[in-house]
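Residue numbers (numbering that gives the first Met the number 0), protein chains in the order written: chain A, 0 to 312; chain B, 0 to 371. No residue lacks a Cβ here, since even glycine has one placed at the ideal position from N, Cα and C. Reading through the structure tokens given below for one structure.
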Amino acid sequence: MNALFGALRTAIDAGVIIVLAGMGELLTERVGVLNLGQEGLIGIGAIAAVISADLGAGPWVAFLVGMVAAGVFGLLFATSVVVVRTNQILTGLAVVLVGVGLSNQLGNGFQGSPVTSRFTSFRIPILADIPQVGPALFDHTVIVYLSYIILPIAVWFLLFRTRHGMNLRAVGENPAAADAAGINVTGMRLLYTTVGAALSGAGGAFLMLVLTRSWSVNVARSRGWVALAVVIFAAWRPSLLVFGAFLFGAMSSLRFIAQQQNWGIPSALLSTLPYVVTLVLILVPAALSRFGFKGRSSVAPGSLAQPYFREER
Amino acid sequence: MSTIETPRRIHLERRLHIGPRRSALVRVAGLLVALGVALLALAVTGRDVPALGVEVWDFLSIGDSIGDSFGLQSTGNLATPILMDAIAVAIGLRMRLWNIGVEGQFYMGALAATGIGIHLDLADPLLLVLMALAGAAGGALWILVPAIARAYWNVNEIISTLLLNFVAIAVVNWLSIGPWRDAAAEVVQATPQVNARLPLVPGSLILHIGFFLPLILAAVCFVVFRSTRWGFEVDMVGGNPRAAAFAGINVPRRILTVMLISGAIAGISGMVHLTGVTFRLQGTISNSYGFSGFIVAALAGASFVALVAGGLFIALLLSSGIALQGAGLSVYIVLAIYGVVLIGIAVGEMASRYRLVTGRGETRSPGKRAPP
């Protein structure tokens, strides 16, 4: 496998975390809840997977434990912001602090020791035998295919092709109207904030079980923040989110190519590339639409980060 | 006219108005409850909580082994960047703008000040002024793109300012261990010391005079937003941008100015921390001061009085955390406690908006939501 296809392979793997965490955040924001806690939730999912793998769990069990652990955190967060209606931005930052602090504390004993439980890769018959392209695209763990293909299609179908999905979007756009139409706003918000957090936990678990395979301090390495940004870039659409996540993966793997090929650009500066590119991707469409290029609407869900008070309807 | 008879019950009712005293009281109560929960969790996991308390008290106390109020002075130095950054955020919050990028602006301010401070060798006061100007410019420059994007293209500032934090930290890291690295001191992963230092407060060991800067600045902001036309217009845009536009206020320009001022203040805080505490630029120059400042401002709800009190308190909490690390409690647990406290205050803030009502419910007009 030459460097380019090796990088493609790394890019795909690196993007999975963003797809998972980003898709979780997309669902959460679609019901009008802003969960800034991604960074902490990825940490929780990662450490839960590491601990359960250490206790002898297989990869799938460890992966599920990661999801459930982050889901529990998500439910706590959701209860705080949806039922008690605390400020979503502050509470989200608190989730970052608690999640990062707790996962680092629990991870202290696992520093540097490899995660033994791992997924075996699933070679897609015939396609995986194509030289170069095969190993880069068709020889990944099942989670990768699920994240890039099945999950986005499922979320798209849920959001735009089912009545439940329409209700979900209605809650995010105008909770008062949704409430009047008999939709359970509180239940919907609790459910999808929890599901979203569980997906972020899945991202953390993937990180441990497939990508890095060993615990390190601040394990999310600001991927949680990138996931938040990619949701904006994607204009709250699953298809664009996948594209943005892959682009992030490509930018991160560019750093390794540059090191391999001795391009002479300091790697510290190259490490900023994913953030700069993400920022540009958010700015350019907005700037273009300002100058008269009409793209697809990229307006956030109407009630994003706003608590819903029925008595104020 | 007939009122509808409803059964007797106890229920929550939203308050129409929350006085500042009640608001402060409830936040403090939320904070104490959260601290209690955190301490309880520590006790349950087998920590000797009273001993930890003694450790913190020794660290902060006036008559400890070092001789004087060293712990309090270091708390003052810690409070300075947190308060400055909190003021930077609070100015944005007057307009409902969330500048999470104060951390990056702090780094860029420190970077710009270092650029002047290691390359020019002038008399102290002049050099300090130049460095402060550079710091302000560095911070303002770092928020320029998000500010333009927010003002003219309506791009949400939360994520755009946040992303630039990571870029700023990486750039400072690269400069301080690369091109600007101190070649003379091999062990140091930092630039040479800058050629100017802020004077110490008379009689103190480490507390520098920069500590008074955020206090003065908070007072200035208090006056500006209470009694100047500019402050009133900014508040008006924050309250209702459409109404403000109809009243003839150039809303995008106000947004741009406010964000640039916010960035400049955060940049100056980087310069103050550089010339008052670290003297060298390094990748770890900020211990998440911007993040703490952001939290303080958000909790204080853009009130400058509450901000100063809250900032001093958070600094005390963080410096107790440093003392606790000395006592064997890891930095991560301290971080998690910090998060729990934050949630406690946020819940307290929400609770202050309600009161328990007993008796027959009567139909009443829906209350207007109180400003956050």
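query                                                                                                                                                                                        : result
By DSSP, does B/H16 sit in helix, in strand, or in coil?                                                                                                                                     : coil
Could you name the residues of the same chain whose beta carbon sits closer than 7 angstroms to that of A/T357, not counting the 5 residues immediately before and after it, in chain order? : Limits of chain A in this structure are 0 at one end and 312 at the other, which puts residue 357 of chain A out of reach.
Pick out whichever of A/S251, A/Q305, A/V279, A/A286 has its Cα sitting closest to the Cα of A/V15.                                                                                          : A/S251
Using a threshold of 7 angstroms, state whether the C-beta atoms of B/A195 and B/D123 are closer than that.                                                                                  : yes
7 angstroms is my cut-off, CB to CB: does B/G62 come that close to chain A?                                                                                                                  : Any reading at B/G62 is ruled out, since the residue's pLDDT is 47, under 50, leaving its predicted position unreliable.
Assign A/P237 to one of two classes, buried (16 or more other C-beta atoms within 10 Å of its C-beta) or exposed (fewer than that).                                                          : buried
Using 10 angstroms around the beta-carbon of B/F211, count the other beta-carbons present and answer buried if the total reaches 16, otherwise exposed.                                      : exposed
Just to check my reading of the structure: B/A33 and B/G343 have Cβ atoms closer than 8 angstroms, yes? What is that Cβ distance to the nearest angstrom?                                    : 2 angstroms
So what's B/Y106 in DSSP terms, helix, strand or just coil?                                                                                                                                  : helix
Let me confirm a value: A/D128 is counted as buried when at least 16 other C-beta atoms fall within 10 Å, else exposed. Which label applies?                                                 : exposed
Could you tell me which chain B residues have their CB closer than 8 angstroms to the CB of A/L268, listed as they occur along the chain?                                                    : A169, V170, W173
I'd like to know whether the C-beta atoms of B/I90 and B/I332 end up nearer to each other than 7 angstroms.                                                                                  : no
Starting from A/V99, find everything on chain B with Cβ-Cβ shorter than 7 angstroms and list it in chain order.                                                                              : L334
Please look up how many angstroms separate the CB atoms of A/V283 and A/G21, rounded, as I've assumed it's under 8 angstroms.                                                                : At roughly 19 angstroms, the Cβ-Cβ gap does not stay under 8 angstroms, so A/V283 and A/G21 are not in contact.
Return the first residue and the last residue of the alpha helix (DSSP H) that A/H163 is part of.                                                                                            : 162–172
Nearest-angstrom Cα distance between B/A139 and B/V276?                                                                                                                                      : 22 angstroms
Measure from the C-beta of B/S329 to each C-beta in chain A and report whether the shortest distance is under 7 angstroms.                                                                   : yes
Return the bridge partner residues of B/L355 from the DSSP annotation.                                                                                                                       : B/L11
Distance check for B/N76 and B/S64, CA to CA, integer angstroms please.                                                                                                                      : Low confidence applies to B/S64: its pLDDT is 48, below 50, so where it sits in the model is not reliable, and the reading given next is rough at best. Taking the straight line from one Cα to the other gives about 20 angstroms.
Relative to the C-alpha of B/L204, which candidate in B/T256, B/H10, B/A350, B/S68 has its C-alpha closest?                                                                                  : B/S68
I believe A/Q37 touches A/S199 by the beta-carbon criterion, under 8 angstroms. Please report the beta-carbon distance rounded to the nearest angstrom.                                      : 5 angstroms
Tell me the rounded alpha-carbon separation between B/A382 and B/V55.                                                                                                                        : The shown model of chain B, from 0 to 371, leaves out residue 382 of chain B, and the question about it has no answer.
Nearest to B/G373 by alpha carbon, out of B/A189, B/P178, B/I99, B/R279?                                                                                                                     : Residue 373 of chain B is absent from the structure shown; chain B starts at 0 and stops at 371.
Starting from B/Y337, find everything on chain A with Cβ-Cβ shorter than 7 angstroms and list it in chain order.                                                                             : L96
Which residues, taken in chain order from the region 221–236 of chain A, show a beta carbon closer than 7 angstroms to some beta carbon of chain B?                                          : S221, W224, L227, A228, I231
Applying the criterion that 16 or more other CB atoms from any shown protein chain within 10 Å of the CB defines a buried residue, is A/E310 buried or exposed?                              : exposed
Looking at the structure shown, is B/W179 part of a helix, part of a strand, or coil, going by DSSP?                                                                                         : coil
Is B/M94 close to chain A? Criterion is C-beta to C-beta, closer than 7 angstroms.                                                                                                           : no
Would you check if the distance between the CB atom of A/A233 and the CB atom of B/W152 is smaller than 7 angstroms?                                                                         : no
Could you tell me which whole alpha helix (DSSP H) segments of length 4 or greater appear in the region 51–124 of chain A?                                                                   : 58–77, 87–106
According to DSSP, simplified to helix, strand and coil, what is B/S64?                                                                                                                      : Bear in mind that a pLDDT of 48 at B/S64, under 50, signals an unreliable position, so the number given afterwards is only what the model happens to contain. In the structure shown, B/S64 sits in coil (DSSP, three-state: anything other than H, G, I, E or B).
Candidates B/A133, B/N249, B/C220, B/A184: which alpha carbon is nearest B/V307's?                                                                                                           : B/C220
Looking only at DSSP bridge pairs, what is A/S213 linked to?                                                                                                                                 : A/P113
Hey, B/A135 and B/G108 are a contact pair by Cβ (cut 8 angstroms); roughly how many whole angstroms apart?                                                                                   : 7 angstroms
Are B/L161 and A/W224 closer than 7 angstroms when you measure CB to CB?                                                                                                                     : yes
Looking at C-alpha atoms only, which residue of B/I157, B/M258, B/Q72 is the closest neighbour of B/P201?                                                                                    : B/Q72
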